[in-house]
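Participant: Position one of the sequence shown corresponds to residue 6 (the numbering used here), numbered consecutively onward. A virtual CB, placed ideally from N, CA and C, is assigned to each residue, including glycine.
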Amino acid sequence: MPHRRASGMTALVLLLLSPALAGAADPTVGQTVVRQGPAVASDLYAFGGGVDVQADVEGDLVAGGGRVVNGKRVQGNLIVAAGSVEIGGAVMRNVRAAGGAVTISGRVARNVNAGGGTVVVTPDGVIEGRARLVGGEVRMAGTVAKKLYAAGAVVVIGGEVQGDVELVAQEIEVLPSARIKGHLTYWSPRDARISPKAQIEGSITHNLPELPRALARTGAALFTVSRLLFVIGLIVTAIALFLLFPGFTRLAAQTIGSDPLKSLGLGALLCVTVPVVAILIMFTMRWALRPSSRAPGARSSWGCSAWWWLSVSWR
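#1: In whole angstroms, give me the CA-to-CA distance for Q80 and R135.
#2: Got a sec? Which residues, its chain only, sit under 8 Å from C309 by beta carbon, not counting five neighbours each side?
#3: Using DSSP's beta-bridge definition, name the partner residues of E142.
#4: Start and end of the beta strand (DSSP E) containing D65?
#5: Look at the alpha carbon of T190 and the alpha carbon of V159, and state the distance between them as a whole number of angstroms.
#6: Around the C-beta of T289, are 16 or more other C-beta atoms found within 10 angstroms, so that it is buried, or is it exposed?
#7: Give a yes or no on contact between the segment 97 to 112 and the segment 54 to 64, applying the rule of three or more CB pairs nearer than 8 Å.
#8: Alpha carbon to alpha carbon, what distance is there between P265 and G163?
#9: Apply the 10 Å Cβ neighbour rule to K2 and answer buried if 16 or more other Cβ atoms are within range, or exposed otherwise.
#10: Using CA coordinates, which residue listed in V113, P201, L138, Q59 is at the minimum distance from A103?
#11: Nearest-angstrom Cα distance between G140 and G122?
#12: When the distance is taken between beta carbons, is V107 closer than 8 Å to I132?
#13: Which of the three DSSP states is assigned to S89 in this structure?
#14: Relative to the C-alpha of G71, which residue among L49, A46, A174, V38 is closest?
#15: Please tell me whether G105 and G88 are closer than 8 Å, where the distance is taken between their beta carbons.
#16: Should R40 go down as buried or exposed, given a rule of 16 or more other Cβ atoms within 10 Å for buried?
#17: Nearest-angstrom Cα distance between Q175 and H211?
#18: Drop a sphere of 10 angstroms on the beta-carbon of L213, count the other beta-carbons inside from all chains shown, and report buried for 16 or more, exposed for fewer.
#19: Where DSSP assigns a beta bridge to A103, which residues make up the other side?
#20: Verify whether the separation of the beta carbon atoms of V173 and A197 is less than 8 Å.
#21: Output the boundary residues of the beta strand (DSSP E) element that contains H188.
#22: Taking its Cβ as the centre, do 16 or more other Cβ atoms sit within 10 Å of E206, making it buried, or is it exposed?
#23: Around the C-beta of A46, are 16 or more other C-beta atoms found within 10 angstroms, so that it is buried, or is it exposed?
#24: For P24 and S263, what's the separation of their Cα atoms in angstroms?
#25: Tell whether a beta-carbon distance below 8 Å holds between V166 and I185.
#26: According to DSSP, L172 sits in a beta bridge with which residue or residues?
#27: Taking 8 Å as the cut-off, decide whether the C-beta atoms of G130 and L153 are in contact.
#28: Taking the C-alpha atoms as reference points, what is the distance between P43 and V58?
#29: Can you find the residues in the same chain that come closer than 6 Å, C-beta to C-beta, to G91, ignoring five residues on each side of it along the sequence?
#30: Quick one, which of S182, A155, I177 has its alpha-carbon nearest V170's?
Next up, the structure:
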């Protein structure tokens, strides 16, 4: 069933994005993208080796590249995937970020979902909602107004959390500067290193990583990040289609808007028929590639084609 869920998610994302793409300004793409000066009155889509947004954005900001920096106000959501992500401005809605290194040093008015090799909330970072942070190394030195979930190989808490804290990690450290107004619950094979100077108003509960529960919680965290990456990938794919085939994309968006049931039915039909056709191709190739085939490269080329169709259709 994963392929059907993926196909459904793809259709849903394209359905949601198509009106925006149909009426949005052309996305900005380049080796280096720098946006500064007057405010952007709509959503901003920026992709490149380096993306530096130093202008207010009145809508959503969707960005991707080698390095993405946001230093101004985003009135909507911030959705970003990059090798390095630096969020230094104010985001008035939610942040969804994925990258090799994710750093939050600005203010987020709602929730944060972030995953990466390293995820850092600096002392200047303020998250006014809840935070879900997953990475190889997670460091939270800022402020979280609600609940904090963090999972990683190493988790270090040195900031203020006004709600409960739940941690899953091999190594956990709570620094002297930490202020936790709720309960601290953590899952780890060893005791957390909690400084006597850390202020924790609620209870402290250490749960040993019993395999089913640990896997369930770690799996839930990884699931959150994987879905985040998946949705970001779909968004980037949709925008890439718009860049490569603008006329076709606008036409598809108009078709979805004018006749959504027919479009949905066609998509569902393709989700069912393409895998069936791929399987038929595989068995047809098996017959065609019988030993009597004289073409020396036939077996490998046709076989690769069949497996390629299967892999694409069942993702």
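Facilitator: Taking the structure as given:
#1: 18 Å
#2: Its pLDDT being 44, under 50, C309 is placed unreliably by the model, and the measurement read from it follows with that caveat. Excluding sequence neighbours, C309 sits near nothing in its chain.
#3: T123, V159
#4: Careful: D65 lies outside any beta strand (DSSP E) and carries neither H nor E.
#5: 15 Å
#6: Below a pLDDT of 50, predicted positions are generally treated as unreliable, and T289, at 48, falls in that range; the measurement from the model is reported next regardless. Exposed.
#7: no
#8: 50 Å
#9: The displayed coordinates of the chain run from 6 to 320. Any statement about residue 2 would go beyond what the structure contains.
#10: L138
#11: 5 Å
#12: no
#13: strand
#14: V38
#15: yes
#16: buried
#17: 12 Å
#18: exposed
#19: A86, G120
#20: no
#21: Neither: H188 is in no beta strand (DSSP E) and is coded neither H nor E.
#22: exposed
#23: exposed
#24: Model confidence at P24 stands at a pLDDT of 45, short of 50, so the residue's coordinates are unreliable; what they give is reported in the following sentence. Rounded to whole angstroms, P24 to S263 spans 11 Å at the Cα level.
#25: yes
#26: A155, Y191
#27: no
#28: 11 Å
#29: A quick correction: the sequence has Glu, not Gly, at residue 91. Excluding sequence neighbours, E91 sits near V74, T108.
#30: A155
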